[in-house]
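Input: a single structure, listed below in structure tokens.
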Amino acid sequence: MFSLLICLSAGMKPIITSSSDEKLRDIAALGPEGAIKVINYRTNPAWKKKALRLTGGMGDDIVIETVGGTSIKQSIESLATRGVVAWVAFLGGLELDGFAEALGQLYLKVGTLRSIQVGSKVDQSNLYRFFETTKTSLKPIIGKTFPFAESPAAFDCLMSENGTWQGFESKAPTIMSYMAFLSVA
Numbered sequence: 504m505f506s507l508l509i510c511l512s513a514g515m516k517p518i519i520t521s522s523s524d525e526k527l528r529d530i531a532a533l534g535p536e537g538a539i540k541v542i543n544y545r546t547n548p549a550w551k552k553k554a555l556r557l558t559g560g561m562g563d564d565i566v567i568e569t570v571g572g573t574s575i576k577q578s579i580e581s582l583a584t585r586g587v588v589a590w591v592a593f594l595g596g597l598e599l600d601g602f603a604e605a606l607g608q609l610y611l612k613v614g615t616l617r618s619i620q621v622g623s624k625v626d627q628s629n630l631y632r633f634f635e636t637t638k639t640s641l642k643p644i645i646g647k648t649f650p651f652a653e654s655p656a657a658f659d660c661l662m663s664e665n666g667t668w669q670g671f672e673s674k675a676p677t678i679m680s681y682m683a684f685l686s687v688a
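Read in order, the letters of the sequence shown are residues 504 to 688 in my numbering.
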């Protein structure tokens, strides 16, 4: 969701995938009419084809990969020439069947695979400055907040079928005011 806000704030045209039509409707509503394209990967198992159609056959310039081994092949196939796959997580597990083949496709596209993890304090400050400069609010992506002492309840909510983004309020000045977590269902 942070990636979505960054894309919208930078004037990019994001394509978001989810297995939930309801979540996709909510996500599409975060931007101007038609600015956010959505794909339900459950009803479109070969979602890479739809991503290619939505980009006029050019492919995605940047893919934020959160699922991992089970979707990396399609992520690379949907990538534009010289595109970047930013691999953030393994929410689909550590299964890497077909990974070598996918890397071969990435090579042929002259693409880049970049591992992304939590950034530094400087990165966080730069992100805040970017959001402040572009007047981007995090409120649309935080569904409910919990006091830090109730973190277990927040994780329970996150793991439930209805979990989306949950925030933990923190009073510590060196910690983000809201630490957000994404639920993929």
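Ideal Cβ positions, reconstructed from N, Cα and C, are used throughout, including at glycine.
Asked, Found
"Assigned secondary structure, G666 (DSSP; H/G/I helix, E/B strand, else coil)", "Caution applies to G666, whose pLDDT of 47 falls short of 50 and renders its modelled position unreliable; the value that the coordinates give is listed next. G666: coil per DSSP, three-state reduction."
"The region 626-635 / the region 591-607 touching (three or more Cβ pairs under 8 Å)", "no"
"Spatial distance of K551 from N629 (CA atoms)", "32 Å"
"Option nearest P548 by Cα separation, candidates R617, A592, T573", "T573"
"Proximal residues to A531 (C-beta, below 6 Å), its chain only, five neighbours per side dropped", "I539, V541"
"Contact check, V613 vs V588, beta carbons under 9 Å", "no"
"Inside the region 588-623 only - beta strand (DSSP E) runs reaching at least 3 residues", "615-618"
"Identity of the residues DSSP links to D563 by a beta bridge", "L582"
"Buried versus exposed, by CB contacts within 10 Å (16 or more), G562", "buried"
"Anticipated Cβ contact below 8 Å, G586 with D564, distance rounded", "5 Å"
"Endpoints, the alpha helix (DSSP H) within which K647 is located", "Here K647 belongs to no alpha helix (DSSP H); instead the beta strand (DSSP E) covers 647-650."
"Inter-residue spacing [alpha-carbon to alpha-carbon] between L508 and L527", "15 Å"
"Simplified DSSP state of I539, which is helix, strand or coil", "coil"
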